[in-house]
Amino acid sequence: AQSVTQPDIHITVSEGASLELRCNYSYGATPYLFWYVQSPGQGLQLLLKYFSGDTLVQGIKGFEAEFKRSQSSFNLRKPSVHWSDAAEYFCAVGGQAGTALIFGKGTTLSVSS
Amino acid sequence: DAGVIQSPRHEVTEMGQEVTLRCKPISGHDYLFWYRQTMMRGLELLIYFNNNVPIDDSGMPEDRFSAKMPNASFSTLKIQPSEPRDSAVYFCASSPSGRVTEAFFGQGTRLTVV
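Those sequence lines, one after another, are chains A and B.
If you're matching positions, the first sequence starts at 1 in the working numbering and goes up one per residue.
If you're matching positions, the second sequence starts at 1001 in the working numbering and goes up one per residue.
In structure tokens:
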């Protein structure tokens, strides 16, 4: 079955600390992986995506993610978190054009001062 | 481009009433998706279209839900009759044709059925 698991429902980090959000996927074909961010009352904004090639991908707002095929993981990282990063983060997996994205349940990030 | 446009942003209706949600995809995008977001179930795909044709509607919960795409620039999601358990945020997303599906989301419609 195709699925995405985000094990952490809620994470709190201190401003300036590093961040890692976990994502594991199950997908029968070549996976294409995405991270989206959702601020309260807003739609989903694409942070970064992995299609092929270098397994470490850079995104907007200083985020990066690493694809590890052996672990079926695509964890999101940021070296230094800012208060404005507080939001909900979604990992998603998709396939070839013509397939819909499958989303994880999301991880809510809180940033403490 | 203005992005994916959804209307209304908020809708409050009484149980039993008909509700119509609207979406204008990004110009030139061939795919249109409707998702529903709830606390319990997260983001669920309801239905998606390719070139105005429904491809997969297996996520539509009941016959009370229907979706149409009469042309490349407009889609509707209709619930008739509405029930309190339909309360959720409904997102429309569109995607260009190409090698991989990458979805661009609208702001969503928050539906409350009382």
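The beta carbon of each residue, even a glycine, is placed where N, CA and C say it ideally should be.
Source: prediction; values computed, not measured.
Using the Cα positions of residue i and residue j, report the straight-line distance between them to the nearest angstrom.
i	j	result
A/Ile9	A/Thr108	6 Å
A/Glu66	B/Ser1082	43 Å
B/Ser1097	A/Gly41	28 Å
B/Ile1047	B/Gly1003	20 Å
B/Met1015	B/Phe1065	14 Å
A/Thr5	B/Asn1051	31 Å
A/Phe34	A/Cys91	6 Å
Is DSSP giving residue i helix, strand or coil here?
i	result
B/Asp1086	helix
B/Gly1042	strand
A/Gly104	coil
B/Asp1056	strand
A/Thr5	strand
B/Ser1110	In the sequence as presented, Ser is not what sits at residue 1110 of chain B; that position holds Arg. It is a strand residue.
B/Ser1007	strand
B/Glu1014	coil
B/Asn1051	coil
A/Gln38	strand
A/Thr30	coil
Name, in chain order, the residues that DSSP records as bridge partners for residue i.
i	result
B/Ala1067	B/Leu1077
B/Tyr1035	B/Leu1045 and B/Phe1091
B/Val1100	A/Gln96
A/Ser14	A/Ser112
A/Tyr25	A/Val4
A/Glu20	A/Arg77
Can a CB atom of chain B be found closer than 8 Å to the CB of residue i?
i	result
A/Thr5	no
A/Thr99	yes
A/Phe63	no
A/Phe67	no
A/Leu33	no
A/Leu44	yes
A/Glu90	Note on identity: in this sequence residue 90 of chain A is Phe, with Glu being the wrong assignment. It does; some Cβ of chain B falls within 8 Å.
A/Gln96	yes
A/Ser74	Sequence check: residue 74 of chain A is Phe here, not Ser. No, its Cβ sits nowhere closer than 8 Å to a Cβ of chain B.
A/Gly106	yes
Using a beta-carbon distance below 8 Å, is residue i in contact with chain A?
i	result
B/Gln1080	no
B/Gly1108	yes
B/Gly1028	no
B/Gly1016	no
B/Glu1102	yes
B/Leu1045	yes
B/Asp1056	yes
B/Phe1065	no
Counting only C-beta atoms, is residue i closer than 8 Å to chain D at any point?
i	result
B/Asn1050	Of the protein chains in this structure, namely A and B, none is chain D.
Continuous beta strand (DSSP E) assignments of at least 3 residues falling wholly in the segment 44–113 of chain A: 44–50, 56–58, 64–68, 73–78, 87–94 and 107–112
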